[in-house]
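Residue 1420 in my numbering sits at position 399 of the first sequence; the count goes up by one each step and never skips.
In this text, a Cβ means the ideal position worked out from N, Cα and C, and glycines have one as well.
Working notes for the structure below.
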Amino acid sequence: MTNDRDTARDNAPRDASSASERSRSALASALAELGLAIDREAIQIERPADTAHGDLSSNVALIAAKQLKRDPRELAAEIAARVKTDADFVDRVEVAGPGFINFAFSRKYIAEQVKEIVRLGASYGDGDLGRGRKVQVEFVSANPTGPLVIVSARAAAIGAALVKILRKAGYDVQAEYYVNDAGSQVAKLGLSLLARFRQRLGEDVPFPEEGYPGEYLVEIAREIPEDDGRAWLALPQDTAVTAFGQAALEKIMHMIQSDLELFGVRYDNFFRESGLYADNEIWRTLDLLKERGVVYGEDGAQWFRSAELGDEKDRVLVRSDGSPTYFLADAAYHLNKLRRGFTQAIDLWGPDHHGHIKRMQSVSRVLGAPADWPEVLIVQWVRLVEEGKVVSMSKRGGEFVTLRDLVEDVGADAAKFFFLMRKTSAHLDFNLTLARKESDENPVYYVQYAHARISSVVAYAREQGVDFPADTSCVELLTEAEEIELMRKLVIFPELIRGAALTREPHFLTAYAQQLAAEFHRFYHVCRIVSSNRRLSEARLLLAEATRVVLAESLRVLGVSAPEKM
RNA sequence: GCGCCCGUAGCUCAGCUGGAUAGAGCACCAGCCUCCGGAGCUGGGUGUCGGAGGUUCGAAUCCUCUCGGGCGCGCCA
């Protein structure tokens, strides 16, 4: 998946005061002094994996050495000698390894960041990457033919997290659910419910072969007022099926919405496919495609020339019986999105739909969309694993393990956190045994525990008369290795949000939350927060609070609660 | 046959768009509470990064081929 559309060539502004920009500027001046013409944006700044290599690192000397045919270490030394930095920012610039130039933040700089976190609170890490651009994330959009199942639960967790991450990164985001309430499955649903209703009346009727056999339709049949149902049965067959289909649809959509609510996932909009028919948007979309010369008739059907646009073959838009395909409806839907002004539409689809990406992008392109619009993320399958063994997801009567079953089993927090631990495109083994555990083995509790522990310590400190000081200069007293490591972990949070937004990958945040919790526990174990040394106590309290702020914000974007007590 | 995703420690997976000595959790073993929450901390790793070539100063990462697993290729949605 291309996810670099917001990188340098997109000219996304960066905070000039950010650490990487300050380092970039220092390197750019040094390079200019040496008469080396290197584009400022080509200077790569990265965060070394090993903290012994400093806080920021640049490989610019390695790149330049190649062009100049020079020894990289020698060149790096020349550049490093000319790098001018403020002692309030960096106190060490070193050459290491094959020719990296490493920057180590000064204690003062790191202390400033900690104060900044406490001052800003939840808005710490908010970025301007999106510059307020309108983007849409469409996710789940499961057909309203039954309750939400596990793969939809994963999509719900990922979509909701993505929405929050993108908002934090400065995008104007809309969360949308596309309701397929117009296709042939509504007729199947109608036939199924009609049969269930007649069965409820005691009639011995067979269940339709193509129907939805789930138990939920038996329950829905029971909920229909008997007089209504009988009246529908008296209608001509087609009309009766439609009536039952509509009734089933509304009940099921209601069920889906309450499942999503139970899971803590909110949408800004539920977009109904049927609206595209009511307003004739389907046919106007077809007309537009015809105008653009990409439609032809064959065998009585209307075809889209997708093969010429990168798809495997041409696709049917209108069947020979005159009815539109799902593909045409989807094209109309995406045209509708485009007209709503989204600079990017991010669609989360199941892996069984990956073959549709090319045709959806090419038809959108013809309708005026930019390249890679929509951007489709494939949410890979989930397997449930219990006691080391794969659990069958299907239950008796053609039902599947639902989102509701999962939430009732392990809780919404654990479910979401586990779904977000892997990258979206990777298969996920959901360890039910581990997710159920309320102990240290469970990563969700590990992170939440750190948050609760800090909340408790802050309360204890206040009881002891230690509170956040007005004069925060005491933070510079924090010099223990565990304190420094914790602070270093805290200050990368804004970059982490930016990275997760760019790559559309929430799993960076679950990993980060675990690492931050671990750094805090280490710090807590070694450094007593409330002690007889008042200034030091205040400093450590500020550090604990900064950690709490960042943990809470990480959990918030993941959709997981940050409890003060457990 | 063609296309997409995935092969990294016993298991489940990270690896930040090509960097420095490949990491984490789980499991297993051994330790640590007179003290702010022990749901915690510390120590313990002989990995053909599926395999083979290639590009590069540098490859788990990019390219080609190949083996294995999943999914898809409908006038269904």
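Could you tell me the distance, in whole angstroms, from the CA atom of residue i to the CA atom of residue j?
i, j, result
"V1551", "R1561", "8 Å"
"A1143", "G1285", "20 Å"
"E1240", "L1281", "20 Å"
"R1091", "K1444", "40 Å"
"L1369", "L1169", "15 Å"
"T1493", "A1132", "9 Å"
"Y1130", "S1044", "13 Å"
"A1053", "A1040", "20 Å"
"A1182", "K1105", "40 Å"
"P1165", "T1531", "31 Å"
"V1156", "A1366", "6 Å"
"F1363", "V1387", "17 Å"
"I1273", "G1167", "6 Å"
"A1242", "D1373", "31 Å"
"E1159", "A1196", "6 Å"
"A1085", "P1093", "8 Å"
"Q1401", "G1180", "13 Å"
"L1330", "S1162", "27 Å"
"E1115", "Y1199", "54 Å"
"E1137", "S1127", "16 Å"
"D1308", "L1449", "43 Å"
"F1228", "A1176", "32 Å"
"G1580", "V1428", "14 Å"
"Y1237", "R1221", "13 Å"
"E1540", "A1456", "23 Å"
"I1518", "P1527", "9 Å"
"E1042", "L1563", "27 Å"
"I1171", "V1397", "20 Å"
"D1202", "D1351", "12 Å"
"G1211", "Q1535", "48 Å"
For the putative contact between residue i and residue j, defined by C-beta atoms under 8 Å, what is the C-beta separation to the nearest angstrom?
i, j, result
"L1576", "A1565", "Contact doesn't hold; Cβ gap of about 16 Å is too wide."
"H1472", "L1572", "5 Å"
"A1097", "G1120", "4 Å"
"V1207", "F1489", "The pair is not a contact, with the Cβ atoms about 58 Å apart (cut-off 8 Å)."
"A1322", "S1341", "5 Å"
"A1538", "Y1467", "6 Å"
"L1141", "A1190", "Not really, about 16 Å apart at Cβ, beyond 8 Å."
Which residue from the options puts its Cα closest to that of residue i?
i, options, result
"R1556", "T1531, H1275, R1326 and E1497", "E1497"
"A1436", "A1447, F1421, N1452 and H1448", "N1452"
"K1510", "A1053, I1059, L1077 and S1044", "L1077"
"S1476", "D1450, I1367, A1532 and Y1545", "Y1545"
"L1499", "F1529, T1531, E1559 and V1468", "E1559"
"A1082", "A1108, Y1347, D1107 and L1055", "L1055"
"Y1533", "P1515, Y1288 and C1548", "P1515"
"Q1088", "A1058, V1111 and D1112", "A1058"
"P1234", "G1318, I1100 and S1213", "S1213"
"H1355", "G1371, G1191 and F1292", "F1292"
"I1100", "Q1065, A1051, F1110 and F1124", "A1051"
"R1336", "L1310, R1360, A1108 and V1397", "L1310"
"A1328", "E1319, D1320, V1339 and V1315", "V1315"
"M1276", "T1423, D1351 and F1440", "T1423"
"C1548", "G1432, E1247, L1507 and V1465", "L1507"
Along the alpha helix (DSSP H) that carries residue i, what are the first and last residues, could you check?
i, result
"I1241", "E1236 to E1244"
"R1305", "E1302 to E1312"
"W1253", "E1247 to L1254"
"Y1130", "R1128 to L1141"
"I1059", "That residue, I1059, is in no alpha helix (DSSP H); it is neither H nor E in DSSP."
"Y1467", "P1464 to E1484"
"F1218", "S1205 to R1221"
"R1569", "R1555 to L1579"
"K1379", "I1378 to V1387"
"D1112", "That residue, D1112, is in no alpha helix (DSSP H); its beta strand (DSSP E) goes V1111 to A1117."
"Q1267", "Q1258 to L1283"
Buried or exposed: residue i, going by 16 or more other Cβ atoms within 10 Å of its Cβ?
i, result
"S1413", "exposed"
"K1185", "buried"
"M1587", "exposed"
"T1260", "exposed"
"D1289", "exposed"
"R1217", "buried"
"S1205", "exposed"
"G978", "The requested residue 978 is not part of the displayed model; the chain covers only 1022 to 1587."
Grab the span of the beta strand (DSSP E) containing residue i for me, first residue to last.
i, result
"A1086", "Where A1086 is concerned, there is no enclosing beta strand (DSSP E), although the alpha helix (DSSP H) it sits in stretches over V1081 to L1089."
"N1290", "N1290 to R1293"
"V1172", "Element bounds for V1172: not the beta strand (DSSP E) but the alpha helix (DSSP H), I1171 to K1189."
"D1450", "L1449 to N1452"
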